[in-house]
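Numbering (this note's numbering), first residue to last: 210 to 411. Shown next, in structure tokens, is the structure this report addresses.
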Amino acid sequence: MDVDALAAAPDAVARRVLGATLRGRGVAGVIVEVEAYGGVPDGPWPDPAAHSYRGPTGRNAVMFGPAGRLYTYRSHGIHVCANVAGGPDGVAAAVLIRAAVITAGVELARERRGLRADAALARGPGNLCAALGITIDDNGVDLFDPDAPIRLELAVPADAVLAGPRVGVSKAVDRPWRFWLPGISAVSAYRRSPRAPAPPEP
DNA sequence: TAAAAGATATCCT
DNA sequence: GGATATCTTTTAG
Numbered sequence: 210m211d212v213d214a215l216a217a218a219p220d221a222v223a224r225r226v227l228g229a230t231l232r233g234r235g236v237a238g239v240i241v242e243v244e245a246y247g248g249v250p251d252g253p254w255p256d257p258a259a260h261s262y263r264g265p266t267g268r269n270a271v272m273f274g275p276a277g278r279l280y281t282y283r284s285h286g287i288h289v290c291a292n293v294a295g296g297p298d299g300v301a302a303a304v305l306i307r308a309a310v311i312t313a314g315v316e317l318a319r320e321r322r323g324l325r326a327d328a329a330l331a332r333g334p335g336n337l338c339a340a341l342g343i344t345i346d347d348n349g350v351d352l353f354d355p356d357a358p359i360r361l362e363l364a365v366p367a368d369a370v371l372a373g374p375r376v377g378v379s380k381a382v383d384r385p386w387r388f389w390l391p392g393i394s395a396v397s398a399y400r401r402s403p404r405a406p407a408p409p410e411p
């Protein structure tokens, strides 16, 4: 497994990133929950919920670049979210890292996050970035460069993976592009976006 | 130049 | 479980 394995469709990239180890600034964790995003309206997987849907902009340019780069963006002003860019160069694909289990540097992670339950240290995209020390300025770093401050170590794909709808999106609400490992307490509880259309009443 | 929306987290009831 | 804080990016006028 190397960076070439990430030059694929968003959902395939998501499955490959799941279970990988993300190292950043003294803290490392195994990724246990991800969401796939990507595509443009005329592409093979149009995804109206993705930042890339309306074409490249200054913010989402990394999504259109080569695989293996870190795409960070700010949400609601304060939170930072981390993505791994996927797809071949020129194709928009990214995997949002939603949760991880800290395997090294727990003390440091606790210090950054304030004292909290271990399972909550890197649960949720914003919290995960805080625990690993990832900031908005890390946008575009090559995760496979040995000298990069943030690195990704791919593992063999997990055999047991669960899939379901993405959290907090108001478009393409029912697309099962969220993937997580079973039996992990750090996986987020599913929350439908308050702006999403009401679910069909059975 | 202005306004709205957003891939959230936290605190309150 | 539900409302709100908070600010950047994008889009419209």
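The C-beta atom is built at its ideal place from N, Cα and C for all residues, glycine as well. Just so you know, these numbers come straight off a predicted model, no measurement behind them.
Helix, strand or coil, according to DSSP, for residue i in the structure here?
i	result
Val236	strand
His260	helix
Arg387	strand
Val289	strand
Glu410	The predicted model places Glu410 with a pLDDT of 46, which falls under 50 and marks its position as unreliable; any figure quoted below should be read in that light. Glu410: coil per DSSP, three-state reduction.
Ala369	coil
Asp251	coil
Val382	coil
Leu231	strand
Asp351	strand
Ile345	helix
Asp213	helix
Ala339	helix
Since residue i contacts residue j with CB under 8 Å, what's their CB separation in whole angstroms?
i	j	result
Leu361	Val293	6 Å
Ala425	Ile343	The chain is shown from 210 up to 411; residue 425 falls before or after that span and cannot be answered.
Cys338	Val289	4 Å
Phe388	Gly277	At roughly 19 Å, the Cβ-Cβ gap does not stay under 8 Å, so Phe388 and Gly277 are not in contact.
Leu363	Ala214	7 Å
Ile345	Gly233	Contact flag wrong, Cβ pair sits at about 14 Å.
Name, in chain order, the residues that DSSP records as bridge partners for residue i.
i	result
Gly333	Beta-bridge pairing links Gly333 to no other residue.
Glu320	DSSP output for Glu320 lists no bridge partner at all.
Ala245	Val304
Ala294	Ala303
Could you please give the first and the last residue of the uninterrupted alpha helix (DSSP H) stretch that includes residue i?
i	result
Leu361	Here Leu361 belongs to no alpha helix (DSSP H); instead the beta strand (DSSP E) covers Ile359 to Glu362.
Val271	Ala270 to Phe273
Arg325	No alpha helix (DSSP H) holds Arg325; DSSP gives it neither H nor E.
Arg224	Pro219 to Val226
Buried or exposed: residue i, going by 16 or more other Cβ atoms within 10 Å of its Cβ?
i	result
Ser379	exposed
Val365	exposed
Met210	exposed
Tyr399	exposed
Pro257	exposed
Arg225	buried
Glu316	exposed
Ser394	exposed
Ala326	exposed
Pro219	buried
Gly392	exposed
Arg332	buried
Asp251	exposed
Asp347	buried
His260	buried
Tell me the residue span of the beta strand (DSSP E) that contains residue i.
i	result
Leu305	Ala302 to Ala313
Arg283	Leu279 to Ser284
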